[in-house]
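Note sheet for the following structure.
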Amino acid sequence: MSDNELLDLFHSGQREKAFTLLMEKYQERVYWHIRRMVLTHDDADDVLQNTFVKVWRALENFRAESQFYTWLYRIATNEALNHINIKKKKAVIPFEGNNNSSDDDDNNFGPSNYLKSDPYFNGDEIELKLQQAIDTLPDKQKQVFLLRYYDEMPYEDMSEMLGTSVGALKASYHHAAQKVEAFLLKRD
Amino acid sequence: MKNRNNILDELKEVAPTLANLAQSDAYSVPENYFSSLQSKVLTKIKEEEVWEKASDPALSPQLQLLKGKKHFSLPENYFANTTANILSTIRKEEVTQELQALAPQLSTLQKHNAFSVPQNYFSTLPKRILAEVSKQNSAAAKEVLPSFWDNLNAQIDVILVAIFKPQLRVAFASLVAVGVAFWFLNNTKPTEQNPVASLNGELNRMSTTEISNYVAMHIDDYDEATLKKRAGDVNGMSFFNDSELNDNELEQILQREMEEELFLDSPTRKAKNQLI
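Going down the list, the protein sequences come from chains A and B. In terms of the working numbering, the first sequence is numbered consecutively and its last residue is 414. In terms of the working numbering, the second sequence is numbered consecutively and its last residue is 285.
In structure tokens form, the structure reads like this:
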């Protein structure tokens with residue numbers, strides 16, 4: 227069924243059925259989008275649940291002015307960013323002035339440490355390095371990089387989702403890709 | 010031969026040039042064509058006989074069953090997805106080429122998924138989400154106002170524990186709570202008869218986590234300097250200067266402000282609105 231048909235089903239009163247079908251359709255794509263941002267399964271699970279709970283609450287008022295999946299991605303992205311920021315703020319900073327995750331080996335809160343302890347991560351050293359590199363990106367660049375690199379999302383769709391011009395998105399992706407490249411080369 | 014000569018004579022009369030052309034056969038056949046023709050024709054005849062027998066239900070019921078069936082199939086929605094698949098391939102190529110130009114080293118990495126999920130995670134997810142929604146709806150149905158402020162202050166306290174001095178924490182938490190109340194009043198349509206009830210309704214629809222997230226995301230809006238400035242702004246007084254007050258005095262003022270703000274319908278509040 228198309229998104230519009232599922233939304234019609236929801237508005238016709240079969241809310242749980244329509245919502246379940248929408249979830250089944252998008253849950254994996256959204257999960258992997260979130261997972262690449264927050265990295266661990268437990269965090270991704272929390273964020274994904276919050277995302278869909280919000281979608282459930284807001285679906286009543288959703289009108290198909292934008293594509294459903296764009297709207298869903300936007301909610302998921304905001305939830306993931308909120309989660310990351312709250313986690314950062316709750317973390318006890320080991321020593322003042324060095325909260326840069328690029329110094330991940332010296333930082334207990336960098337991705338290499340919590341990914342190594344995540345039973346649902348089975349990447350090799352290169353994959354770990356890539357995740358470290360992505361983690362050094364500013365939030366906006368990271369978001370654009372993940373959407374382009376992994377989801378292969380066209381800039382036009384990204385623009386609708388993030389409310390940013392295509393040109394600015396291209397610039398962000400270019401900066402991000404070059405930073406990741408530099409990180410990989412530096413560490414090699 | 011006589012017949013042939015007659016034809017040639019006739020042609021000479023009608024088209025002498027044509028009749029004088031050397032008669033040669035411009036066409037040829039593959040080598041041994043005629044010698045193998047007989048066996049080819051016989052093979053063909055045998056094949057047709059076999060097929061006729063196979064088509065006879067009495068002689069070959071299995072083949073008869075297969076006859077007329079489509080022996081090839083397509084994946085479901087193959088044609089419906091063709092456009093999407095082609096676009097996806099084009100997109101993939103674009104992204105790959107772009108990456109090769111931008112980051113050659115990165116483009117050589119295989120994009121395999123190093124992350125995994127617990128078994129049956131996705132199959133059970135919709136049920137878990139609906140259960141969570143149901144749980145939250147039940148909780149929201151209860152009157153939460155008396156415990157709401159306690160929860161909010163507790164959440165704020167956790168977030169701020171490493172940031173503010175202990176003396177300022179209570180004052181800050183109170184101010185943020187008032188700020189959240191203001192936000193709701195300014196962004197909702199309270200009924201004229203009962204604005205507090207309307208506020209309660211809005212708060213009931215929000216989870217403590219959401220409010221906590223809101224406060225955490227806007228924590229930078231409430232640094233110590235802003236806190237003090239805001240206290241002065243709320244008072245409508247310009248003499249509020251942090252050099253003139255110690256922390257205890259500041260805390261008392263903020264506490265008093267919070268208490269006044271909570272009485273939204275009080276004459277004090279109305280008078281203050283006129284001043285602001």
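Here a beta-carbon is modelled for each residue, glycine too, at the ideal position from N, C-alpha and C.
Chain B contact residues for residue i, given Cβ-Cβ distances below 7 Å
i: F236(A); result: Near F236(A) there are no residues of chain B at all, since even the closest Cβ is about 13 Å away, more than 7 Å.
i: F347(A); result: A123, F124
i: H400(A); result: L111
i: Y284(A); result: Note that residue 284(A) is Ala in the sequence shown here, rather than Tyr. Per Cβ cutoff of 7 Å: no residues; A284(A) is ~11 Å from chain B at best.
i: H259(A); result: By Cβ distance, chain B contributes nothing, its closest Cβ being about 12 Å from H259(A), past 7 Å.
i: A403(A); result: L108, L111, A112, L115
i: E254(A); result: F131
Within chain A, partners of residue i - CB distance below 8 Å
i: Q145(B); result: V279
C-beta atoms of residue i and residue j nearer than 8 Å
i: M387(A); j: L134(B); result: no
i: K368(A); j: A402(A); result: yes
i: L285(A); j: Y257(A); result: no
i: T277(A); j: E305(A); result: yes
i: A112(B); j: E407(A); result: yes
i: F347(A); j: F124(B); result: yes
i: A302(A); j: I260(A); result: yes
i: V264(A); j: I310(A); result: yes
i: Y340(A); j: T390(A); result: no
i: L372(A); j: M384(A); result: no
Burial state of residue i, where buried means 16 or more other Cβ atoms lie within 10 Å
i: R262(A); result: buried
i: D365(A); result: exposed
i: T362(A); result: buried
i: K405(A); result: buried
i: T105(B); result: exposed
i: W60(B); result: exposed
i: S398(A); result: buried
i: H121(B); result: exposed
i: S93(B); result: Residue identity check: residue 93(B) is Ala in the sequence provided, not Ser. Exposed.
i: A270(A); result: buried
i: R289(A); result: exposed
i: P39(B); result: exposed
i: I99(B); result: exposed
Chain-ordered neighbours of residue i on chain B, where CB pairs are closer than 9 Å
i: G389(A); result: Under the 9 Å cutoff, chain B gives no residues; its nearest Cβ is about 17 Å from G389(A).
i: Q275(A); result: L134, R137, I138, E141
Sheet register partners of residue i (DSSP bridge)
i: F124(B); result: F347(A)
Whole-angstrom distance between residue j and residue i, CA atom to CA atom
i: V370(A); j: L395(A); result: 7 Å
i: K55(B); j: P70(B); result: 20 Å
i: S228(A); j: L298(A); result: 15 Å
i: Q45(B); j: K53(B); result: What sits at residue 45(B) in the sequence shown is Ser, not Gln. The alpha-carbon atoms of S45(B) and K53(B) are separated by roughly 13 Å.
i: E107(B); j: E382(A); result: 16 Å
i: N29(B); j: D18(B); result: 11 Å
i: Y231(B); j: Q109(B); result: Summary for Y231(B): the model assigns pLDDT 49, below 50, so the residue's position carries little reliability, and this model does not support an answer.
i: K251(A); j: T91(B); result: 19 Å
i: P380(A); j: V187(B); result: 43 Å
i: Q114(B); j: L411(A); result: 8 Å
i: L96(B); j: L307(A); result: 30 Å
i: Q164(B); j: E85(B); result: 51 Å
i: N129(B); j: L247(A); result: 17 Å
i: E351(A); j: L118(B); result: 12 Å
i: Q357(A); j: S82(B); result: 42 Å
i: E102(B); j: Y376(A); result: 13 Å
i: E58(B); j: F43(B); result: 23 Å
i: T26(B); j: S48(B); result: 43 Å
i: D344(A); j: N146(B); result: 32 Å
i: A140(B); j: H400(A); result: 42 Å
Listed by chain order, chain A residues near residue i by CB distance under 7 Å
i: I95(B); result: Those do not exist, as I95(B) stays about 14 Å from chain A at its closest Cβ, beyond 7 Å.
i: P135(B); result: T246, M249, E250
i: K101(B); result: E378
Chain B contact residues for residue i, given Cβ-Cβ distances below 8 Å
i: V406(A); result: A112, L115
i: I197(A); result: Outside the displayed span of chain A (227 to 414) sits residue 197(A), for which this structure offers no information.
Contact with chain C by residue i, beta-carbon distance below 8 Å
i: F88(B); result: No chain C appears in this structure, whose protein chains are A and B.
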